[in-house]
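Chemist: Structure incoming, see below.
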Amino acid sequence: MVDPLSSLPPLPPLIGPTAGPGAALAGKTEGITVAFGDMLQGYLDQLVSAQAKSNALTTEFVAGGAVDISQVAIAMEESSLAMQLLLEVRNKVLDAYETLLRMPV
Amino acid sequence: MGLFETFAISGSGLTAERMRLDLIASNLANANTTRPPGETPFQRQLALFQTRYAGGDGSLGSGPLSGLGGVRVKQISLDTAPGRQVYDPSHPDADPGGYVTYPNVNPINEMVDMMAASRAYEANLTALDSGKELFLRALSIMQ
Chain A
387 MVDPLSSLPP LPPLIGPTAG PGAALAGKTE GITVAFGDML QGYLDQLVSA QAKSNALTTE
447 FVAGGAVDIS QVAIAMEESS LAMQLLLEVR NKVLDAYETL LRMPV
Chain B
187 MGLFETFAIS GSGLTAERMR LDLIASNLAN ANTTRPPGET PFQRQLALFQ TRYAGGDGSL
247 GSGPLSGLGG VRVKQISLDT APGRQVYDPS HPDADPGGYV TYPNVNPINE MVDMMAASRA
307 YEANLTALDS GKELFLRALS IMQ
């Protein structure tokens, strides 16, 4: 399968916090430049790992493992919120794309 | 995940308070447990909390958020106060003098501790809810 993100033409680098795991804290990010595609890819990876964690915890809890219900609930909530954030970003990107399409030439 | 710092911190509080509640339940359940003379009777168990730093091992990391890691139960300590003595010569666990040693658990203290622990649990839940609420509000900027 073609990686849809790597086929994007390179965008001018953004200046801002990175989205990858262990991202530097705000204020330390001066001078760090990240391409939008990389940022999105990093965020997608985070979402996938959050969902995997949520799945693993749920499975262990249902199987009677030594997991606190609060940990399960928090992991589920985290993955759900991360998904919502990703959806919002996607909607914004699509909006921008459609606005460009409607531009009279 | 940096986005969900609040969740991890409040979650550690929830886990710790839950453990405290478990210990209180165990104390209450064993409030009337006797042991034969010569053996140590059940002793009240207390949870000792400790700040958990983001470094993980109790060490301070570097950076502005290094102190934010929540809380953890450091150890379970035993209350070494002497147990309650009740005169009951017919009891199987009575000593030669006819006294039975009951655990040093006072149900009234335990009930008050339980209220404190469940309120603390609720406080952590409220902090968690508030963090989630803020996140959703921030998301609504984009809508």
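Read top to bottom, the protein sequences are chains A and B.
Under the numbering used here, think of the first position of the first sequence as 387, with each following residue one higher.
Under the numbering used here, think of the first position of the second sequence as 187, with each following residue one higher.
Note that the Cβ used here is the ideal one computed from N, Cα and C, for glycine as well.
1) Find out if the Cβ-Cβ distance for the pair Arg-206 (chain B), Ala-303 (chain B) is shorter than 9 Å.
2) For Arg-204 (chain B), which residues in chain A fall below 9 Å Cβ to Cβ?
3) Tell me which same chain residues have a C-beta within less than 8 Å of the C-beta of Asp-274 (chain B), skipping the five on either side of it?
4) Taking Val-475 (chain A) as part of the beta strand (DSSP E), name the residues at either end of that continuous run.
5) How would you list, in chain order, the residues of chain B whose beta-carbon sits under 9 Å from the beta-carbon of Glu-446 (chain A)?
6) Please determine, among A:Ala-452, A:Leu-426, A:Thr-444, the residue with the shortest C-alpha to C-alpha distance to Lys-478 (chain A).
7) Using alpha carbons as the reference points, say which of B:Ile-294, B:Gly-255, B:Glu-308, B:Pro-227 lies closest to Gln-236 (chain B).
8) With a 10 Å radius around its C-beta and 16 neighbouring C-beta atoms as the bar for buried, classify Val-298 (chain B) as buried or exposed.
9) In this structure, how does DSSP classify Tyr-288 (chain B) when only helix, strand and coil are distinguished?
10) Can you have a look at Asp-424 (chain A) and say buried or exposed, based on whether 16 or more other CB atoms are within 10 angstroms of its CB?
11) By the three-class DSSP mapping on this structure, what secondary structure does Ala-202 (chain B) have?
12) Should the stretch 214-229 of chain B be called in touch with the stretch 260-270 of chain B, which here means at least 3 C-beta pairs below 8 Å?
13) Which of helix, strand or coil does DSSP assign to Phe-336 (chain B)?
14) Examine the ligand NAP and report whether any of its heavy atoms sits within less than 8 Å of the Cβ of Phe-190 (chain B).
15) Closest to Arg-204 (chain B) by C-alpha separation, out of B:Thr-192, B:Ala-217, B:Arg-258, would be which residue?
Modeler: Taking the definition as stated:
1) Here residue 206 (chain B) is taken as the residue at index 20 of the second sequence, counted from 1. Here residue 303 (chain B) is taken as the residue at index 117 of the second sequence, counted from 1. Yes, the pair counts as a contact, with Cβ atoms nearer than the cut-off.
2) Walking along the second sequence from the start, residue 204 (chain B) turns up at place 18. Ordered by position in chain A, the residues that pass the 9 Å Cβ test against Arg-204 (chain B) are Asp-454, Ile-455, Ser-456.
3) As a first step, residue 274 (chain B) must be located in the second sequence, where it is residue number 88. Taken in chain order, the residues that qualify are Ala-280, Gly-284, Tyr-285, Val-286.
4) The count along the first sequence starts at 1 and reaches residue 475 (chain A) at position 89. It is not in any beta strand (DSSP E) - Val-475 (chain A) instead sits in the alpha helix (DSSP H) that spans 455-487.
5) By one-based count along the first sequence, residue 446 (chain A) stands at place 60. What Glu-446 (chain A) touches in chain B: nothing, since even the nearest Cβ is about 15 Å away.
6) Within the first sequence, residue 478 (chain A) is the residue found at index 92, counting from 1. If we check each option's Cα against that of Lys-478 (chain A), A:Leu-426 comes out closest.
7) For this step, residue 236 (chain B) is matched to residue 50 along the second sequence. Ranking the options by Cα distance to Gln-236 (chain B), first place goes to B:Gly-255.
8) One-based indexing of the second sequence puts residue 298 (chain B) at position 112. So Val-298 (chain B) counts as exposed.
9) For the purposes of this step, residue 288 (chain B) is taken as residue 102 along the second sequence, with counting starting at 1. It is a strand residue.
10) One-based indexing of the first sequence puts residue 424 (chain A) at position 38. The residue is buried, with at least 16 neighbouring Cβ atoms inside 10 Å.
11) Looking up residue 202 (chain B) in the second sequence gives position 16. Residue state, collapsed to three classes: helix.
12) yes
13) Because residue 336 (chain B) is not part of the residues shown, which for chain B are 187 to 329, the question remains open.
14) For the structure depicted, the ligand NAP is absent and the ligand set is empty, with no information on it obtainable.
15) Translated into positions along the second sequence, residue 204 (chain B) becomes position 18. If we check each option's Cα against that of Arg-204 (chain B), B:Arg-258 comes out closest.
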